[in-house]
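Asker: Counting from 0, one number per residue, gives the positions in the sequence shown under numbering that gives the first Met the number 0.
Below is the structure I would like to discuss, written out as structure tokens.
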Amino acid sequence: MKRMTGAEVRQSFLDFFASRGHTIVPSAPLVPVGDPTLLLTNAGMNQFKSYFLGLEEPRHARVADAQKCMRVSGHLNDLEEVGRSAFHHTFFEMLGNWSFGDYYKREAIRWAWELLTGTWAMEKDRLWSTVFQDDRGDLGTDEEALGYWQTETDILRDHVLLSGRKDNFWSMGPTGPCGPCSEIHYDRGIEYCDKQAAPSHTCQVNGDCRRFVEIWNLVFIQYNRDAAGELEPLPARHVDTGMGFDRVTALSQGAETNYETDLFQPILLRTQQMLGHSAEQVRQNLVAYRVIADHSRAITFLVGDGVIPGNEGRNYVLRMILRRAARFGRKLGLAGSFLGDLAQVVIEIFGAHYTDLRRRREFVLNVIRQEEDRFQRALDVGLALLDTMIADLRAKGEACIPGADAFRLYDTYGFPLDLTRDVAAEQAFSVDEAGFKHALEEQRARARATQQFVIQDTKELEVYVRLGEDLKAQGRLGPDGVENMSRDMVEVETTLLALLRAGVRVTAAREGDEVEAVLAATPFYVESGGQVSDTGKLAHFVGEEEEPRWEIEVLEMRQPVPGLAVHVGRVTLGRPHVDQPVTAMVDVDRRMDIARNHSATHLLHSELRYILGEHVQQAGSLVAPERLRFDFSHGSMLTQDEIDAVERSVNDAVLANYPLATEEMGYQEAVAGGATALFGEKYGDHVRVVKIGWEDEPFSQELCGGTHVMQTGDIGFFRILSETSVGSGVRRIEAATGRPAQRLVQKRLGVLDAAAVHLGSAADDVERAVLRLMGELHAKDKEIGELQRKLARVEFEGLLGKVRDVSGVPVLVAKVETASAETLREMTDWLRERLGSAVVVLGAVIGDKPSFVAAVTADLVERGLKAGSLVQEVARAVGGGGGGKPTLAQAGGRDASRLEQALALVPGLVQEVLSR
Ligand SMILES: [Zn+2]
Ligand SMILES: [Zn+2]
0 MKRMTGAEVR
10 QSFLDFFASR
20 GHTIVPSAPL
30 VPVGDPTLLL
40 TNAGMNQFKS
50 YFLGLEEPRH
60 ARVADAQKCM
70 RVSGHLNDLE
80 EVGRSAFHHT
90 FFEMLGNWSF
100 GDYYKREAIR
110 WAWELLTGTW
120 AMEKDRLWST
130 VFQDDRGDLG
140 TDEEALGYWQ
150 TETDILRDHV
160 LLSGRKDNFW
170 SMGPTGPCGP
180 CSEIHYDRGI
190 EYCDKQAAPS
200 HTCQVNGDCR
210 RFVEIWNLVF
220 IQYNRDAAGE
230 LEPLPARHVD
240 TGMGFDRVTA
250 LSQGAETNYE
260 TDLFQPILLR
270 TQQMLGHSAE
280 QVRQNLVAYR
290 VIADHSRAIT
300 FLVGDGVIPG
310 NEGRNYVLRM
320 ILRRAARFGR
330 KLGLAGSFLG
340 DLAQVVIEIF
350 GAHYTDLRRR
360 REFVLNVIRQ
370 EEDRFQRALD
380 VGLALLDTMI
390 ADLRAKGEAC
400 IPGADAFRLY
410 DTYGFPLDLT
420 RDVAAEQAFS
430 VDEAGFKHAL
440 EEQRARARAT
450 QQFVIQDTKE
460 LEVYVRLGED
470 LKAQGRLGPD
480 GVENMSRDMV
490 EVETTLLALL
500 RAGVRVTAAR
510 EGDEVEAVLA
520 ATPFYVESGG
530 QVSDTGKLAH
540 FVGEEEEPRW
550 EIEVLEMRQP
560 VPGLAVHVGR
570 VTLGRPHVDQ
580 PVTAMVDVDR
590 RMDIARNHSA
600 THLLHSELRY
610 ILGEHVQQAG
620 SLVAPERLRF
630 DFSHGSMLTQ
640 DEIDAVERSV
650 NDAVLANYPL
660 ATEEMGYQEA
670 VAGGATALFG
680 EKYGDHVRVV
690 KIGWEDEPFS
700 QELCGGTHVM
710 QTGDIGFFRI
720 LSETSVGSGV
730 RRIEAATGRP
740 AQRLVQKRLG
750 VLDAAAVHLG
760 SAADDVERAV
770 LRLMGELHAK
780 DKEIGELQRK
790 LARVEFEGLL
800 GKVRDVSGVP
810 VLVAKVETAS
820 AETLREMTDW
830 LRERLGSAVV
840 VLGAVIGDKP
850 SFVAAVTADL
860 VERGLKAGSL
870 VQEVARAVGG
880 GGGGKPTLAQ
890 AGGRDASRLE
900 QALALVPGLV
910 QEVLSR
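Put into structure tokens, the structure is as follows:
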């Protein structure tokens, strides 16, 4: 086979199919868009699912792409294979060519053969193919495919094998599109068989050894499986192929495993450099090296697609993979963070094709480094905690760490079980691993229960799928579904096509009913790209009548399946009936509020990049009527100066009254022209770009499908409400525009005016008046303090007369009135000074609580009198405790009523010590 770099393999695949009439589409993001049933994109076909289901019309009949995929189910065990097996990866790419009702088996097979043996010059005698033959007998043999392998290719006759349902029949799920497939395998030679010694091993295709590698699967979708399991032939037949990109690259480079290709080698080399390992040391630690390489690719691509480490769903998957890589690095001896450096290498390998990675480089590196640092800190905290845990257990005579504790370390501090096990072993402790697993299972069950999928029980979806199909079949809905006119209109005259009540289709509804309404066209925006849905009214007018016959209040919009916009609301008047004309009216004021916030979000994004730097990337946004929320990557908290500068320059852009323009263009063209593509958006090859600024020099260009103002002046006024952290190098700004911003300012100024009235100053002087007031208060506090001291001094003079003699020692015991804790201590100083040699115990009620100070001069300490023990005894009598040095000690108690009683104990206590 021809020797190629990974990039050449990918490009030649795409070029080959482009020259055969295919449109090359970009990879969908790893975060599936509009498919809540899927955690991460895990196959090339994900982004075309709705074409196969007939929910959406394909834009092109022939498509080819390289698709980013991730396969991790979220279970730790699935990761264990990574690094140990040569071909098991978390992140990988699939190359695919697709026909949506266009060409079929003949071309798919011929082209596959042409690419492999022609363009790539694979040795024909090394290639094998498999064709479906039903082992259950129902469907027979795929004679069509079998025939084409013979007429369209020159594959060796005996290299075409027949195979059953397990390997050669593909289906999307228990129901839905399915069909036979034809796999292509590559024979690497008998020397690659790792099971020659196994007596039961037959060395053949699908024989489960390392000799035969499946490189390509051609799926021919021709049936639809219904709920009863019956296969219905599909009117339109499709081709769906998937090629293992990493594997083919490995074959092309004569690499033993995927890790020896240029898709992994630079990462492994960089790791080796950081560690200063010899080739032999690398071999000894091969699994760790490979885990780190695999995981670096996965985390770079995940963050590149906007996933941020967290505790749920795909965010958790990222955190888990990142921490696993960090831990393997630590084991190898990499101190501190290193994954950011490896991410740079990954971006170098893949950035030329996946240009998003280059553009988001700063963001990717920041997020990875911060999470890694956080993890290292958590590990340190966890280690300290584990030490305490072990010490406590040892004190109790135990030698096993309970599973619940091990799990708490794992769950709260990301402290992996094997690390707990290692540390425990060093201290001759064991870990209750069964208990740990039990706790882990419980947590998983909880996680499953809280997975937030909006509707997406497929059964529930079926109602909408059928509804859409019906309406299209009756010609009442076009192939693209409900016409959405929300970008240009706020009111549309149309027809009520269907009504649903409690998920069931009905022809009419009554006042008070909660309904879902489908119209032929709608001006209502359906939540997307962070912008919330419109609300408003659907009304049925007759003739010139002013009052509607019926009315539905629209509270929410949703799109359960592509092309089917559904108005969710309540009948507030009359009896709506399907097929009646309807006027759909968006709440215009609310729409304008939303549009202001949306346009302001674009301005904010652009000004943040201008003021803080190009590393600022949008990490999420919410555009609602009352406020906007914008999450972006930035390493530190914004200073007040930065916040002010951002707010000022957004308002400058508002005042400049720049025009907004939208333009439809090709995705590549848009991105090349400098438009910003956002995370979490699926962009077709055709996109809409919103530009702000003068025509030749827009300063903001974003791919965006939302609704906007006409010119920036419409925003009115922009006000930042808060700036906070949402973790891992991501900041959040909340802001308001237009009416809410105005209301806010009004309210704040009102508060200021009221304060001015109370202060008896002008509003402009409020700050000065408050400062003056604070100054006066401070002076008063000082004065009060001085007066207290004076009073204490007077009281002190009176106390001198109360000194008694206990066995020749001067003892003063008294309750004082005017004391704070501080003057109490001071008084004992004065007494010691004046008396020279004495025992002094003073009590006072401070803030409802009894309080004591005891002082013993040094000469008496030598005779065994200790302030600490004295005060302790005294305090015990009032239900308290305390202590201190032999010369000075303090105590407090609870019961103030027994203060005098407690003090009365002192002479006896002194006497007792002296008589010993
Ligand atoms: Zn074998
Ligand atoms: Zn936008």
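Quick reminder that beta carbons are idealized off the backbone N, C-alpha and C, glycines included.
Just so you know, these numbers come straight off a predicted model, no measurement behind them.
Could you give the DSSP three-state label for Ile551: helix, strand or coil?
Answerer: strand
Asker: So, using beta-carbon positions, are Ala985 and His576 closer together than 8 Å?
Answerer: Since the displayed the chain opens at 0 and closes at 915, residue 985 lies outside it and no answer follows.
Asker: Helix or strand or just coil, what does DSSP make of Ala519?
Answerer: coil
Asker: Quick one: residues in its chain with C-beta nearer than 6 Å to the C-beta of Leu54, no 5 flanking neighbours on either side, listed in chain order?
Answerer: Val560 and Pro561
Asker: List the endpoints of the continuous alpha helix (DSSP H) containing Ala857.
Answerer: Ala857 to Val860
Asker: Since Gly535 is in the alpha helix (DSSP H), which residue starts that stretch and which ends it?
Answerer: In the DSSP annotation of this structure, Gly535 is not part of any alpha helix (DSSP H); the continuous beta strand (DSSP E) holding it starts and ends at Gly535 to His539.
Asker: Could you check whether the Cβ of Thr736 sits closer than 7 Å to any heavy atom belonging to ligand 2?
Answerer: no
Asker: Which residue marks the beginning of the beta strand (DSSP E) containing Ile714, and which one marks its end?
Answerer: Where Ile714 is concerned, there is no enclosing beta strand (DSSP E), given that its DSSP letter is neither H nor E.
Asker: Applying the criterion that 16 or more other CB atoms from any shown protein chain within 10 Å of the CB defines a buried residue, is Ala778 buried or exposed?
Answerer: exposed
Asker: Let's test the definition: count the other Cβ atoms within 10 Å of the Cβ of Pro478 and tell me whether it reaches 16, buried, or not, exposed.
Answerer: exposed
Asker: DSSP three-state call for His276: helix, strand or coil?
Answerer: coil
Asker: For Thr248, which three-state DSSP category applies?
Answerer: helix
Asker: Following the continuous beta strand (DSSP E) through Ile916, name the residue where it begins and the one where it ends.
Answerer: This structure leaves residue 916 out entirely; the chain is present only between 0 and 915.
Asker: With a CB to CB cut of under 8 Å and the five nearest residues on each side skipped, what residues in its chain are close to Lys801?
Answerer: Leu811, Val812 and Ala813
Asker: CA-CA distance, Ile389 and Ala895?
Answerer: Distance between Ile389 and Ala895, taken at the CA atoms: about 43 Å.
Asker: Please determine, among Leu301, Glu825 and Gly100, the residue with the shortest C-alpha to C-alpha distance to Phe91.
Answerer: Leu301
Asker: How is Trp829 classed by DSSP in three states: helix, strand or coil?
Answerer: helix
Asker: Under 8 Å: do the stretch 162-170 and the stretch 95-110 share three or more Cβ pairs, one atom per stretch?
Answerer: no
Asker: Quick check: what's the CA-CA separation for Trp549 versus Asp410?
Answerer: So the two alpha carbons sit approximately 55 Å from each other.
Asker: Would you say Thr582 touches ligand 2, meaning its beta carbon is less than 7 Å from a heavy atom?
Answerer: no
Asker: Given 7 Å as the limit, tell me if Glu701 has its C-beta closer than that to any heavy atom belonging to ligand 2.
Answerer: yes
Asker: Within 7 Å: the Cβ of Thr600 and any heavy atom of ligand 2?
Answerer: yes
Asker: Residues in its own chain within less than 6 Å of Met464 by CB, not counting five upstream and five downstream?
Answerer: The sequence shown places Val at residue 464, rather than the Met named in the question. Same-chain partners within the cutoff: Val560.
Asker: So, helix, strand or coil for Glu151, using DSSP?
Answerer: coil
Asker: Is Trp937 helix, strand or coil when you go by DSSP?
Answerer: Absent from the model: residue 937. The displayed extent of the chain is 0 to 915, so no value can be given.
Asker: Which residues does DSSP pair with Gln700 in a beta bridge?
Answerer: Lys690
Asker: Report the partner residues of His576 according to the DSSP bridge assignment.
Answerer: Ala507
Asker: Is any heavy atom of ligand 1 found at a distance shorter than 7 Å from the C-beta of Gly312?
Answerer: no
Asker: Looking at the strands, I want to know which residues DSSP matches up with Glu231.
Answerer: Beta-bridge partners of Glu231 (DSSP): Asn223.
Asker: Could you check how far apart the C-beta atoms of Pro415 and Arg329 are, in whole angstroms? I think they sit under 8 Å.
Answerer: About 10 Å separates the two Cβ atoms, so there is no contact after all.
Asker: Got a sec: does ligand 1 put a non-hydrogen atom nearer than 7 Å to the Cβ of Arg210?
Answerer: yes
Asker: Mind checking Arg359: buried by the 16 CB within 10 Å criterion, or exposed?
Answerer: buried
Asker: Contact between the stretch 8-19 and the stretch 521-533: three or more CB pairs below 8 Å?
Answerer: The stretch 8-19 is not in contact with the stretch 521-533.
Asker: Rank Arg647, Trp97 and Leu364 by C-alpha distance to the C-alpha of Leu607 and give the top, closest one.
Answerer: Arg647
Asker: So what does DSSP say about Pro739, is it helix, strand or coil?
Answerer: helix
Asker: Could you have a look at Thr917 and say whether DSSP puts it in helix, strand or coil?
Answerer: Since the displayed the chain opens at 0 and closes at 915, residue 917 lies outside it and no answer follows.
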